[in-house]
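Asker: First to last, the sequence lines map onto chains A and B.
Residue 85 in this note's numbering is what sits at position 82 of the first sequence, and the numbering runs on without skipping anything.
Residue 113 in this note's numbering is what sits at position 103 of the second sequence, and the numbering runs on without skipping anything.
Glycine residues also receive a C-beta, built at the ideal position from the N, C-alpha and C atoms.
Here it is: the structure, laid out below.
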Amino acid sequence: KQEVTQIPAALSVPEGENLVLNCSFTDSAIYNLQWFRQDPGKGLTSLLLIQSSQREQTSGRLNASLDKSSGRSTLYIAASQPGDSATYLCASLARTGGGNKLTFGTGTQLKVEL
Amino acid sequence: NAGVMQNPRHLVRRRGQEARLRCSPMKGHSHVYWYRQLPEEGLKFMVYLQKENIIDESGMPKERFSAEFPKEGPSILRIQQVVRGDSAAYFCASSRDRGPHYNEQFFGPGTRLTVL
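Here is the structure:
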C-alpha cells in the first residue's frame with residue numbers, strides 16, 4: 004500500500020527566501036508524481052507533474068524533482084512571495100486494484116511573511 | 011475547453027437526508043475519480059469509474075455510499091442517510107483514455123458537504 008509523507012507539515016519564511024518542500028513515497032512503481040496547491044476552502048491547482056521517466060519539471064519559480072529509486076520528490080520555490088502562501092500537496096499515481104489512483108500526502112502549509 | 015465541473019459547490023443536509031454530488035468531466039475525458047477530504051485530513055481516494063462501469067471502489071465506505079457514471083450525463087456520488095461524519099470536501103477528477111499524459115488527473119473545484 005502506497006504511503007506518501009510530506010515534510011515539514013508547516014513552514015513560515017520571510018518573503019524572498021528560497022525554500023524546499025519534501026515528499027517521500029514508499030512504493031516506487033509509480034506512473035507519475037504531481038504537486039498541487041490548495042488555498043483555504045478552495046480546490047486543487049495543479050502545479051507540476053513529473054512522469055516516472057522524467058527527473059524534473061520547471062514552471063516559472065517552481066522546480067520539482069523526482070528520484071524514484073529513493074522514493075523522493077522535492078518542490079523548490081525560488082524567491083518566495085506572500086501570494087505563495089497555501090498548502091502544498093504531493094500525490095503519486097500508481098496502478099492498484101483495477102485502476103489508477105492518486106495517493107496524497109497530508110501537505111505542507113506554507114506561510115510567506117512580508 | 012471547460013474544466014471539470016462539480017455542483018453544487020456547497021451542500022447542506024440534515025442527518026438522515028440524502029446527498030447527491032455531481033461531476034461533469036472535461037470534454038473528451040472518459041475516466042472519473044472521486045476523492046474525499048475530511049477536516050484536517052488529506053485527500054483520500056474513493057472510487058474510479060469509466061462510462062457505465064465502476065473500475066475500483068476500494069476507497070468507498072461499505073454502506074450508504076454509491077457512485078455511477080452513466081452513458082449520458084454527469085457522474086453522481088450519492089450518500090444516503092448522511093451523518094455528521096460525512097461532512098467533508100468531495101473532489102472529482104477526470105482523465106482521458108489515450109494521448110500524451112493520458113494518466114494526468116484534472117480536478118474540479120469540489121463540493122463542500124455540511125451535515126447538520
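Please report whether the beta-carbon of Gly120(B) lies at a distance below 8 Å from any beta-carbon of chain A.
Answerer: For the purposes of this step, residue 120(B) is taken as residue 110 along the second sequence, with counting starting at 1. Yes, its Cβ sits closer than 8 Å to a Cβ of chain A.
Asker: Could you tell me which chain B residues have their CB closer than 7 Å to the CB of Phe107(A), listed as they occur along the chain?
Answerer: Counting from one through the first sequence, the residue named residue 107(A) turns up at place 104. Neighbours of Phe107(A) on chain B, chain order: Gly52 and Leu53.
Asker: Which of the three DSSP states is assigned to Arg94(B) in this structure?
Answerer: For the purposes of this step, residue 94(B) is taken as the residue at position 84 of the second sequence. Here Arg94(B) sits in helix by DSSP.
Asker: Are there 16 or more other CB atoms within 10 angstroms of the CB of Ile10(A), so buried, or fewer, so exposed?
Answerer: Taking the first sequence and counting its residues from 1, one reaches residue 10(A) at position 7. With fewer than 16 other Cβ atoms within 10 Å, it is exposed.
Asker: Determine the DSSP secondary structure at Pro17(A), reduced to helix, strand or coil.
Answerer: By 1-based counting over the first sequence, the position of residue 17(A) is 14. Pro17(A) falls in the strand class under three-state DSSP.
Asker: Can you name, in chain order, every residue of its own chain whose Cβ lies under 6 Å from the Cβ of Arg106(B), other than the five neighbours on each side?
Answerer: In the second sequence, counting from the first residue as 1, residue 106(B) sits at position 96. If we look at Arg106(B) and ignore the five residues flanking it on each side, its Cβ neighbours are Gly38, His39 and Tyr112.
Asker: Less than 7 Å between C-beta atoms, sequence neighbours within five positions excluded: which residues of the same chain meet that for Phe101(B)?
Answerer: Translated into positions along the second sequence, residue 101(B) becomes position 91. Tyr45, Gln47, Leu53, Phe117, Gly118 and Gly120.
Asker: From Lys72(B) to Glu20(A), what does the alpha carbon distance come to, in whole angstroms?
Answerer: In the second sequence, counting from the first residue as 1, residue 72(B) sits at position 62. In the first sequence, counting from the first residue as 1, residue 20(A) sits at position 17. The straight-line gap from Cα to Cα measures roughly 47 Å.
Asker: At a cut-off of 7 Å, is Asn17(B) close to the ligand NAD when judged by its beta-carbon and the heavy atoms of the ligand?
Answerer: Among the components of this structure there are no ligands whatsoever, and the ligand NAD is therefore not found.
Asker: Would you identify the three-state DSSP class for Asp87(A), choosing helix, strand or coil?
Answerer: What you label residue 87(A) is simply residue 84 of the first sequence in a count that begins at 1. Helix at Asp87(A).
Asker: Please tell me whether Arg98(A) and Ser27(A) are closer than 8 Å, where the distance is taken between their beta carbons.
Answerer: Here residue 98(A) refers to the residue found at position 95 when the first sequence is read from its first residue. Here residue 27(A) refers to the residue found at position 24 when the first sequence is read from its first residue. Their beta carbons are not under 8 Å apart, which means Arg98(A) does not touch Ser27(A) by this criterion.
Asker: State the start and end residues of the unbroken beta strand (DSSP E) segment that holds Glu116(A).
Answerer: Reading the first sequence from its first residue, position 113 is the one you call residue 116(A). Start and end: Thr111 to Glu116.
Asker: Who are Gln27(B)'s beta bridge partners in DSSP?
Answerer: Within the second sequence, residue 27(B) is the residue found at index 17, counting from 1. Answer by DSSP bridge pairing: none, since Gln27(B) is not bridged.
Asker: For Val78(B), which of helix, strand or coil comes out of DSSP?
Answerer: In the second sequence, the residue the question calls residue 78(B) occupies position 68. Per the sequence shown, residue 78(B) should be read as Glu rather than Val. Three-state DSSP puts Glu78(B) in a strand.
Asker: Taking its Cβ as the centre, do 16 or more other Cβ atoms sit within 10 Å of Asn103(A), making it buried, or is it exposed?
Answerer: Within the first sequence, numbered from 1, the residue matching residue 103(A) stands at position 100. Classification for Asn103(A): buried.
Asker: Looking only at its chain, what residues have a beta carbon closer than 8 Å to the beta carbon of Glu59(A), apart from the 5 residues adjacent to it on each side?
Answerer: Looking up residue 59(A) in the first sequence gives position 56. Cβ neighbours of Glu59(A) beyond the five flanking positions: Ile53, Asn66, Ala67, Ser68 and Leu69.
Asker: Determine which residues of the segment 92–117 of chain B have a Cβ less than 9 Å from any Cβ of chain A, and write them out in chain order.
Answerer: So the close ones are Ala99, Phe101, Ala103, Ser105, His111, Asn113, Glu114, Gln115, Phe116 and Phe117.
Asker: Please say whether Lys4(A) and Ile33(A) have beta carbons closer to each other than 8 Å?
Answerer: Along the first sequence, one-based indexing puts residue 33(A) at 30. Along the first sequence, one-based indexing puts residue 4(A) at 1. The answer is no: Cβ separation not under 8 Å.
Asker: Between which residues of its own chain and Pro18(B) is the CB-CB distance below 7 Å, once the five residues before and five after are set aside?
Answerer: What you label residue 18(B) is simply residue 8 of the second sequence in a count that begins at 1. Within the same chain, Pro18(B) has close Cβ partners Thr121.
Asker: Does the pairing of the segment 88–101 of chain B with the segment 15–30 of chain B give three or more beta-carbon distances under 8 Å?
Answerer: The segment 88–101 of chain B vs the segment 15–30 of chain B: in contact.
Asker: Hey, how far is the Cα of Pro85(A) from the Cα of Leu47(A)?
Answerer: Locating residue 85(A) in the first sequence gives position 82, counting from the first residue. Locating residue 47(A) in the first sequence gives position 44, counting from the first residue. Distance between the alpha carbons of Pro85(A) and Leu47(A): 19 Å.
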